[in-house]
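Numbering (my numbering), first residue to last: 3 to 378.
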């Protein structure tokens, strides 16, 4: 019966896909299964009665023997082992003790994880290449943005003079000339806005976006943003309704970034609404003390799939692309990235043919002052 048990155990050991071996206190192999020997390109006979120095290169053998000494002292090893650049094992090693003789032996069970390790290395290399490509892209965008902004500022400045918008009125200029100058000026401002968006995106991706904390008068910022897009709204016969609160409301944050978020959402609402329509800007307070700014339109709307697409830089929702309205696909991704700098969130509800509600949710920690106006 005992012999049958030994044979049964040996059959199990030989059938397992793992390497299994036993060494005595001197590091000599007492037993190793065929899979164990085969995994390192040897036979069972190459191991029995031999030490690691007899079968492995000195550097590897010394590493194994040093670990074995720790095992004999009671250490239980579980982890990866590198045999060479082309062979890796996940190993468990522990000590057993014969109760009668008191002698110790080291038991090892190892699984070949070479293919897994190679896959991990390839994944790491791919990740590093992707990060390097992203870094190069960010640097390129920053450099190009800086290079383009200088001549654009000159174009905008001189076209403003030609239009008479700078307060300097050029002499003997006909109406067509002024219209051309206005077109150059408008196009230059639009292109500069796109370049600024690209620059902000590259800074965010590189983790270099500036965030200058100050105390912000929320209602004043909303009102000035509405004023800034009034020309675009007028061209499309869009009426902007401000539903603000009577209280004085201030918060901590970067005012420039807040303006850019509100302006982007307002511009989207105006562009994607049918002409002769309404857009609402709503300022509200949550019970927690957090501040919400919502921009609501009755525009073309988006499906949930469209919305997920619209949140990816340079991607535009199918509904938006079909509308033939120009855009870069940067607006919503930038707003989403910007609101995170405030530790807030961007919430969007949208329905085809009904419209879109985009809300900036600012956390209570950002609120500084919420006080009723003194009407006395």
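Ideal Cβ placement from N, Cα and C applies to all residues, glycine included.
Same chain, Cβ closer than 7 Å to residue i, neighbours up to 5 away in sequence not counted
i	result
residue 113	20, 91 and 92
residue 347	341 and 363
residue 186	157 and 161
residue 206	339
Coarse secondary structure for residue i, derived from DSSP in three states
i	result
residue 270	helix
residue 220	helix
residue 27	coil
residue 10	helix
residue 161	helix
residue 357	strand
residue 295	strand
residue 66	helix
residue 306	helix
residue 313	coil
residue 265	helix
Contacting residues, own chain, Cβ-Cβ under 8 Å from residue i (five flanking each side not counted)
i	result
residue 3	For residue 3, the predicted model reports a pLDDT of 43, less than 50, meaning its position is unreliable and no value from the coordinates is stated.
residue 384	Because the chain spans 3 through 378 in this model, residue 384 falls outside it and cannot be assessed.
residue 88	116
Distance between residue j and residue i (C-alpha atoms, nearest Å)
i	j	result
residue 197	residue 69	59 Å
residue 378	residue 284	Unreliable placement is indicated for residue 378, whose pLDDT of 41 sits below 50; no coordinate value is reported for it.
residue 215	residue 94	54 Å
residue 43	residue 9	25 Å
residue 274	residue 302	6 Å
residue 31	residue 15	15 Å
residue 50	residue 102	24 Å
residue 343	residue 259	9 Å
residue 208	residue 159	31 Å
residue 26	residue 106	7 Å
residue 2	residue 47	Lying outside 3 to 378, the shown extent of the chain, residue 2 is not represented and no answer is given.
residue 108	residue 345	54 Å
residue 232	residue 225	11 Å
residue 133	residue 78	38 Å
Other residues of its chain near residue i: CB distance less than 6 Å, five sequence neighbours each side excluded
i	result
residue 271	281, 297 and 299
Chain C within 8 Å of residue i, Cβ atoms only
i	result
residue 76	No chain C is part of this structure, which consists of one protein chain only.
Legend entry - Continuous beta strand (DSSP E) assignments of at least 3 residues falling wholly in the stretch 70-137: Runs of the beta strand (DSSP E) lying entirely within the stretch 70-137 and spanning at least 3 residues, in chain order: 79-86, 89-99 and 106-114.
Inset, instruction - Would you check if the stretch 223-242 and the stretch 202-209 touch, i.e. whether three or more CB-CB distances between them fall below 8 Å? - result: Contact fails: fewer than three Cβ-Cβ distances are below 8 Å.
Inset, instruction - Determine, using beta-carbon pairs with one atom in the stretch 307-317 and one in the stretch 287-295, whether at least three such pairs fall under 8 Å. - result: The stretch 307-317 vs the stretch 287-295: no contact.
Inset, instruction - Quick one: which unbroken beta strand (DSSP E) runs of 3-plus residues sit fully inside the stretch 197-250? Chain order, please. - result: Correct list: 216-219 and 240-245.
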